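Visitor:
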Amino acid sequence: MIEYSEKERRMVLKLVYYGPALSGKTTNLLQLHDLLTRQGRGELMVLDTSGDRTIYFDLLPFFLTAPSGLKIKVKVYTVPGQVCHDATRKAVLQRADGVAFIADSSPAEAQSNFTSFDNLERNLALVGLDIETLPLVIQFNKRDLPQAVSEREIRAAWDPTGVAVVMASALHGEGVAETFARLAGLVYDRIDARYALTGEHGLTRDQFVRQLTSLKEEP
Amino acid sequence: MSEDTLEFLVGEEKSLRELLLDSDVLPLLEGALRAGAGGARVVNEEGEELWSESDGGGRGELLARLPLYLEGEPVARLELFGSPEQRDRLVPLASLLVAALDTLLRNNLKRVLTTEIHTCVVNSSHEELLRINADLARSEARYRELAENLELRVKERSAELKRAQARMLQQEKMAAIGQLAAGVAHEINNPLGFITSNLHTLQKYTARCCAMLQFYRERLRPDLPLQTLFEEAELKWRELKLPQVLADVGDLMAESLAGAERVSRIVADLKGFSHVDEAGEVRVDLNQELERTLGVLSHLLAGRAEVVKELQPLPPVTCQGQLPGQIFLNLIQNALTHAGGAPRITLSSCFDGERIRIGIADNGPGVPAALRGQIFDPFFTTLPVGSGTGMGLAVVWEAVLRLKGTIAVADAPGGGADFIITIPAKKE
Ligand SMILES: Nc1nc2c(ncn2[C@@H]2O[C@H](COP(=O)(O)OP(=O)(O)O)[C@@H](O)[C@H]2O)c(=O)[nH]1
Ligand SMILES: [Mg+2]
């Protein structure tokens, strides 16, 4: 549920990285922060963490301006994965414009993935979002783990659903930008017609995605 | 607040003014002046001045203009003024100022976000608590209803139990009466048996006497010689065994009469015991009731049990006639059941001016102190399951209660149980 102000000519989009505890959500944002150019990218705010488990949430904001002058802010949040932080998850999930679900490829975490996805579906319904139409990308993280569930198995399970699936190894920066780009693209598709991003604001899908995900040039 | 009116939102857009206080910014700008700047200010994207400090003597030239970012978005500029000679010193100072403002901004934003999420979670937790509370209240109401129902059901059940108990008491009375009837039937059957057999014999004897009389009637004619008649009659007399018959008849008659008397005495006892002829309350002598009970139980007692009577005169008691018999019958039957091979039952009565005290003691094993509180409970029995309804003493208890009396069990002297009934009574 996009925040849009015609008068102020600004739009705020909210993307949420959801998933079980320790699946690598924070690592995704840390990597995004490090991989992307400083241009338009805010600082990563890691709110009060204890150990490596997110207690509150992380926030990585992005900012871009359309050729029309429309200011677009994209705020990327992570949610705490622990079961006990459901209230925080619901609060963060409110008015989300897109969700990246970060699953853990370790076979031992299959149940946690399932539980968390179930929780996502339920909480989306609770905050009035429709999982069928909400831009959603699933990232299978930790592909570097030797015991990781095979990609074939994952594809067999998810491809029929039509949900975008990205393989990643966030710790090594792989698949992180791709996940973000896929999600950004889906969000653009969702809002383009309604807010005439291409028509009135001269902002194409490609420009939108590229501006958000332009990688740093290697020094 | 409900799910669809959620207003609290995390990470709502904040303006610079909301995130930075005068007390955050102004000391920094003043510091710049003290470091030699002519003026310093923060201007937003629309060119509006947000914070500004300048010394009295004019700001000087604009030496530096640096952007301030909020979440990646350039939202304002820091402008530093001073004399151009100071440029080399003041430009780095501007960078320092921006870094300081940036840090402040980020920390404040973090604090705001933390507070928001806290508030949000607290709010939703509060809602959750309210909901849980409402749920609890509901389930408590349900439990209360359940508990009330339960009470009702328990009441129903106890009423049911009472009815069952009443039925059992009735059955027990019927059983006692049934036993009594069987005993009495036996008692009556005995004399009836020999009366009947005597009557049969008497019938035969009568026939013989009749045959003798018939002989005389036929033979006693004027033309026949008396001597012949005499000899033939003597012969007939012996033939009909009339000497034995005459010797026997008296005994048979006496025996039968005695039997009939016994039967009528039993019937009288039974009538007296059962008070069948009386409606409502009557005046009874408890000693007489004891005797009547012994009378109807004579078939059980005679030759089998020793009955010792220590009875003193008692004033009459007004009550339903059957009650004393019910009490004594059950207690004596109970004594016979428990007293073993050679039962000795001691019946005692006395009156102390206010109360009649009746004791029925046996020489059985007695009632253990631990069981004394229970033996009058319905269904309590020390007999093996199936051999007694356990209602006999409950019948006694109920009957004693209706006499406004009490009953207790004590040790009889020399062992055994001594049931003591106390009934209020007035002197005649
Ligand atoms: N092997 C491996 N470990 C990872 C990967 N991504 C994250 N981790 C580790 O998983 C743990 C949890 O990561 P974190 O990002 O804090 O999880 P979060 O709870 O979802 O935010 C950390 O120890 C990370 O180093 C990955 O791609 N491969
Ligand atoms: Mg985390």
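These protein sequence lines are chains A and B, in that order. Here the first sequence is numbered in this note's numbering, starting from 350 and rising by one per residue. Here the second sequence is numbered in this note's numbering, starting from 148 and rising by one per residue. In this text, a Cβ means the ideal position worked out from N, Cα and C, and glycines have one as well. Predicted model only: the values in this text are computed from it and were never measured.
Does DSSP put Asp407(A) in a helix, a strand or coil?
Guide: Three-state result, Asp407(A): strand.
Visitor: Identify each residue in the stretch 246-263 of chain B for which the Cβ-Cβ distance to at least one residue of chain A is less than 9 Å, and report them in chain order.
Guide: Flagged, chain order: Asp249, Arg253, Leu256, Lys257, Leu260, Thr261, Glu263.
Visitor: Could you pull out every residue in the same chain whose Cβ sits closer than 7 Å to the Cβ of Ile413(B), ignoring the five residues on either side in sequence?
Guide: Closer than 7 Å at the Cβ level, and outside the excluded window around Ile413(B), lie Val331, Glu334, Ile335.
Visitor: Taking 6 Å as the cut-off, is the C-beta of Thr464(A) nearer than that to any heavy atom in ligand 2?
Guide: No.
Visitor: Does the beta-carbon distance from Arg554(A) to Tyr537(A) come in below 7 Å?
Guide: Yes, the pair counts as a contact, with Cβ atoms nearer than the cut-off.
Visitor: According to DSSP, simplified to helix, strand and coil, what is Gln488(A)?
Guide: The answer is strand: DSSP assigns Gln488(A) an E or B state.
Visitor: Kindly list, in the order they appear in chain B, the residues whose Cβ is closer than 7 Å to that of Phe412(A).
Guide: Ordered by position in chain B, the residues that pass the 7 Å Cβ test against Phe412(A) are Glu218, Gly219, Glu220.
Visitor: At a Cβ threshold of 7 Å, is Lys422(A) touching chain B?
Guide: Output row for Lys422(A): interface = yes.
Visitor: Alpha carbon to alpha carbon, how far is Lys574(B) from Leu478(B)?
Guide: Roughly 26 Å separates the two Cα atoms.
Visitor: Can you list, in chain order, the residues of the stretch 430-443 of chain A whose Cβ is nearer than 7 Å to any Cβ on chain B?
Guide: From the stretch 430-443 of chain A, only Ala436, Thr437, Lys439, Ala440, Val441, Gln443 have a Cβ closer than 7 Å to chain B.
Visitor: Exposed or buried, what is Glu226(B) when buried is set at 16 or more other beta-carbons lying within 10 Å of its beta-carbon?
Guide: By the neighbour-count rule (16 or more Cβ atoms within 10 Å), Glu226(B) is buried.
Visitor: I need the straight-line Cα distance from Ala449(A) to Gln431(A), nearest angstrom please.
Guide: Taking the straight line from one Cα to the other gives about 17 Å.
Visitor: Select from Asp565(B), Ser230(B), Leu371(B), Pro463(B) the residue whose C-alpha is nearest the C-alpha of Glu428(B).
Guide: Ranking Asp565(B), Ser230(B), Leu371(B), Pro463(B) by Cα distance to Glu428(B) puts Pro463(B) first.
Visitor: What residues match up with Phe412(A) in a beta bridge as DSSP calls it?
Guide: Answer by DSSP bridge pairing, in chain order: Lys422(A).
Visitor: Give the single residue among Phe566(B), Leu175(B), Glu501(B) whose Cα lies nearest to the Cα of Ser201(B).
Guide: With distances taken between Cα atoms, Ser201(B) lies closest to Leu175(B).
Visitor: Which stretch, first to last residue, makes up the beta strand (DSSP E) that contains Ile522(B)?
Guide: From DSSP, Ile522(B) is part of no beta strand (DSSP E); its letter is neither H nor E.
Visitor: Which of helix, strand or coil does DSSP assign to Leu175(B)?
Guide: Correct three-state label for Leu175(B): helix.
Visitor: Which whole-angstrom value describes the C-beta separation of Gly185(B) and Ser230(B), a residue pair presumed to lie in contact below a C-beta threshold of 8 Å?
Guide: The pair is a contact, with the Cβ atoms about 7 Å apart (cut-off 8 Å).
Visitor: Quick check on Phe475(B): buried or exposed, where buried means 16 or more other Cβ atoms within 10 Å of its Cβ?
Guide: Buried.
Visitor: If you draw a straight line from the alpha carbon of Val392(B) to that of Ser344(B), how long is it in whole angstroms?
Guide: Cα to Cα, Val392(B) sits roughly 15 Å from Ser344(B).
Visitor: On the CB-based measure, 16 or more other CB atoms within 10 Å of its CB, does Gln380(A) come out buried or exposed?
Guide: Gln380(A) should be labelled buried.
Visitor: Can you confirm whether Gly537(B), when its beta carbon is compared against all beta carbons of chain A, has any partner nearer than 7 Å?
Guide: Its pLDDT being 47, under 50, Gly537(B) is placed unreliably by the model, and nothing is read from it.
Visitor: Tell me, which residues are paired with Asp565(B) by DSSP?
Guide: Paired residue(s): Ala508(B), Ala557(B).
Visitor: By the 10 Å Cβ neighbour count, where 16 or more other Cβ atoms means buried, how is Phe406(A) classified, buried or exposed?
Guide: When all chains shown are included, Phe406(A) counts as buried.
Visitor: Using a Cβ-Cβ cut-off of 7 Å, state whether Glu193(B) counts as contacting chain A.
Guide: No, Glu193(B) lies away from the interface with chain A (no Cβ there is under 7 Å from its Cβ).
Visitor: For Ala513(A), write down the residues that DSSP places opposite it in a beta bridge.
Guide: Val486(A).
Visitor: Are there 16 or more other CB atoms within 10 angstroms of the CB of Asp416(B), so buried, or fewer, so exposed?
Guide: Label assigned to Asp416(B): buried.
Visitor: List the residues of chain B that Glu392(A) touches, going by C-beta distances under 7 Å, in chain order.
Guide: In chain order: Arg253.
Visitor: Using alpha carbons as the reference points, say which of Leu210(B), Arg368(B), Arg364(B), Thr348(B) lies closest to Asp395(B).
Guide: Among Leu210(B), Arg368(B), Arg364(B), Thr348(B), the Cα nearest to that of Asp395(B) is on Thr348(B).
Visitor: May I ask you to check if the CB of Thr375(A) is nearer than 6 Å to at least one heavy atom of ligand 1?
Guide: Yes, Cβ of Thr375(A) sits closer than 6 Å to a heavy atom of ligand 1.
Visitor: I need the DSSP call for Val256(B), collapsed to helix, strand or coil.
Guide: Going by the sequence as given, residue 256(B) is Leu instead of Val. Helix at Leu256(B).
Visitor: Comparing alpha-carbon positions, which option in Thr376(A), Lys420(A), Lys356(A) lies nearest Leu546(A)?
Guide: Closest option to Leu546(A), Cα to Cα, is Lys420(A).
Visitor: Check whether the Cβ of Glu160(B) lies closer than 7 Å to any Cβ atom in chain A.
Guide: True, the Cβ-Cβ gap to chain A drops below 7 Å.
Visitor: Beta-carbon of Thr403(A) versus every beta-carbon of chain B: anything under 7 Å?
Guide: At Thr403(A) the pLDDT is 48, less than 50, meaning the model places this residue with poor confidence; the figure from the coordinates comes in the next sentence. Answer no: the Cβ-Cβ gap between Thr403(A) and chain B never drops below 7 Å.
Visitor: By Cβ distance below 7 Å, which residues in the same chain neighbour Asn146(B) in space, the five residues on each side in sequence not counted?
Guide: The structure shown has nothing for residue 146(B), since chain B only spans 148 to 575.
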